[in-house]
Structure formats: structure tokens, C-alpha cells
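K.L.:
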Amino acid sequence: MKLQLKFQWLAVTLVLSLFSVSSLAQEKNLPTHVLLQAGSYSFAAETSTGSSEISGFGSYSASLGLGLFSRLLFYGSISLLVSDGVSGDTATGYDLGLKYYWSSSTGRNTYNHPNINWNLLTRFRPYVGTMLRQRQFTEVLSSSYIGPGVSVGADYQFQGNWYFNGEASYSILQGNADNTLNTLNIVFGLGLQL
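Under the numbering used here, think of the first position of the sequence shown as 26, with each following residue one higher.
(1) In whole angstroms, what separates the C-alpha of residue 137 from that of residue 156?
(2) Which two residues bound the contiguous beta strand (DSSP E) that contains residue 99?
(3) Provide the residue span of the beta strand (DSSP E) that contains residue 152, from first to last.
(4) For residue 97, tell me which candidate among 216, 196, 123 has the shortest Cα-Cα distance.
(5) Since I believe residue 194 is in contact with residue 169 (beta carbons under 8 angstroms), could you give me their beta-carbon distance rounded to a whole number of angstroms?
(6) Alpha carbon to alpha carbon, how far is residue 200 from residue 162? Give it in angstroms, no decimals.
(7) Compute the Euclidean distance between the alpha carbons of residue 79 and residue 69, then round it to the nearest angstrom.
(8) In angstroms with no decimal places, state the Cα-to-Cα distance between residue 186 and residue 206.
(9) Please state the DSSP three-state secondary structure of residue 114.
(10) If you measure between the beta carbons of residue 119 and residue 159, is that distance less than 8 angstroms?
(11) By alpha-carbon positions, which one of 129, 58, 211 ends up nearest to residue 101?
(12) Need the endpoints of the beta strand (DSSP E) that residue 196 sits in, please.
(13) For the candidate residues 173, 197, 151, whose alpha-carbon lies nearest to that of residue 191?
(14) Looking at C-alpha atoms only, which residue of 127, 184, 121 is the closest neighbour of residue 178?
(15) Could you tell me which of 145, 116, 132, 139 sits nearest to residue 60, measuring between CA atoms?
(16) Within the continuous beta strand (DSSP E) that includes residue 56, where are the two ends?
(17) So, at 6 angstroms on beta carbons, what are the nonlocal neighbours of residue 209 in its own chain, with the 5 sequence-adjacent residues on each side left out?
(18) Quick check on DSSP: helix, strand or coil for residue 63?
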């Protein structure tokens, strides 16, 4: 029950943030991104009683991003990890991070001139990123972990404001009593630039 309430609170927070951030972005003409992802996970945990590894499909996230400058995207996301795809041990958490698009902008660029307005889209946008990641496990690991991570990925704009996303991320998280958790996620998603 506590897990459901926590996840619902995070979902409500994300939706409310979407409205406030997108109004700020419209004022400043900054791109806002909404991204839903699903994919695989791999964990290597080290505790005082031993070590274990687990991997499979069941990593889900919803992100909200705001373009800062032309090549930098700040984002926050909520995540749900389920060890058996849709059942099994669960973990929830958040990510806060930055993505740097080294060969393009963060998305659509709108140019306004007194006599003409136009949008410039880059179809393929690779990026590297860094993040602060937190995870709270409910059963097997039953602990909270937090730490830094890195990512590499790309967006592919396929129709108007819609894009596909693929990303790999690696994190080294610290938990209670010197427990460590190394995570590798490979996810694919669908995004919308507002």
C-alpha cells in the first residue's frame, strides 16, 4: 500500500510539474520534452552478507525535460522497476540529470523574423548525460540507494514533434551499511516535444 501511494504521489508531482514547466518554457521559447521509456535492467549488489546479480525486462520511466541553452537538457524522471516484467520485487525512484547534445540542439528551434517564422528540426540527435539516481527497493534488497550515473543515447525525430529514444545508462549507487548497487539500464522510448 505504501508503494502505491508513493508512486501515485510521484506521478501527480510529474503532471503538476509538466504544467508549470511548460508555461515557463513557452514564455522563454525553450523546448520542453515528455518521454516514456521501457526496457531492461541489470543490477549487481554488494552487501555485508554477500553479493548477487539480477537482470531482465521491467524498467519503466516517465521524464520531463526542459531545454537549457541550445544543446543542454535538464530533466527529472520517475522510475518503476519490476523484477519479473510486471510482477515480482519492485523499486521506485527518481533521476535528476543533464543531457548534452553534442552535434545538434535539444530539439525544434523556432526562428522568428518580422516577416517570417520557421522551425528547424534535426532528425538524429545523439547525446551524453550525467544524473543523480535514487532507488527504493521493497523486498529482496529492501533498502534505499542513491548515487551518480552516466548515460549515452539518441533521439530520432520521426513525425512533427514526436521522436523515438534509445538510451544506455550506468550508475554506482550507495545504500545503507556500505551496501553498493551497480546498475545498467538499456531502454527505448517515445517522446514528445511541446
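Cβ atoms here follow ideal geometry from the backbone N, Cα and C, with glycine treated the same way.
P.N.:
Looking at the coordinates:
(1) Translated into positions along the sequence shown, residue 137 becomes position 112. Translated into positions along the sequence shown, residue 156 becomes position 131. So the two alpha carbons sit approximately 34 angstroms from each other.
(2) In the sequence shown, residue 99 corresponds to position 74, counting from 1. 97 to 107 is the span of the beta strand (DSSP E), which, as asked, contains residue 99.
(3) Residue numbering aside, residue 152 sits at position 127 when the sequence shown is read from its first letter. From DSSP, the beta strand (DSSP E) with residue 152 extends over 149 to 162.
(4) On the sequence shown, position 72 is the one that residue 97 refers to. Closest by alpha carbon: 123.
(5) As a working mapping, residue 169 is identified with position 144 in the sequence shown. As a working mapping, residue 194 is identified with position 169 in the sequence shown. Going by Cβ atoms, the distance from residue 169 to residue 194 rounds to 19 angstroms, so no, they are not a contact pair.
(6) Sequence index remark: in the sequence shown, residue 162 carries index 137 (1-based). Sequence index remark: in the sequence shown, residue 200 carries index 175 (1-based). Cα to Cα, the separation comes out at about 11 angstroms.
(7) On the sequence shown, residue 79 is found 54 positions in, with the first residue counted as 1. On the sequence shown, residue 69 is found 44 positions in, with the first residue counted as 1. Their backbone Cα atoms lie some 7 angstroms apart in a straight line.
(8) Reading the sequence shown from its first residue, position 161 is the one you call residue 186. Reading the sequence shown from its first residue, position 181 is the one you call residue 206. If you take the alpha carbons of residue 186 and residue 206, they lie about 36 angstroms apart.
(9) Translated into the one-based positions of the sequence shown, residue 114 becomes position 89. It is coil, neither helix nor strand.
(10) Mapped onto the sequence shown, residue 119 falls at position 94. Mapped onto the sequence shown, residue 159 falls at position 134. Result yes, Cβ atoms of residue 119 and residue 159 sit closer than 8 angstroms.
(11) The residue given as residue 101 occupies position 76 in the sequence shown. Measuring from the Cα of residue 101, the nearest candidate turns out to be 58.
(12) If you number the sequence shown from 1, residue 196 lands on position 171. Note, residue 196: beta strand (DSSP E), 187 to 199.
(13) As a working mapping, residue 191 is identified with position 166 in the sequence shown. The shortest C-alpha separation from residue 191 is found at 151.
(14) Here residue 178 corresponds to residue number 153 of the sequence shown, with the count starting at 1. The shortest Cα separation from residue 178 among 127, 184, 121 belongs to 127.
(15) Start at 1 with the first residue of the sequence shown, and residue 60 comes out as number 35. Cα-wise, what sits closest to residue 60 is 132.
(16) As a first step, residue 56 must be located in the sequence shown, where it is residue number 31. Looking at the DSSP string, residue 56 is not in any beta strand (DSSP E), and its letter there is neither H nor E.
(17) Here residue 209 is taken as the residue at index 184 of the sequence shown, counted from 1. Answer for residue 209: 67, 195, listed in chain order.
(18) Translated into the one-based positions of the sequence shown, residue 63 becomes position 38. Three-state result, residue 63: strand.
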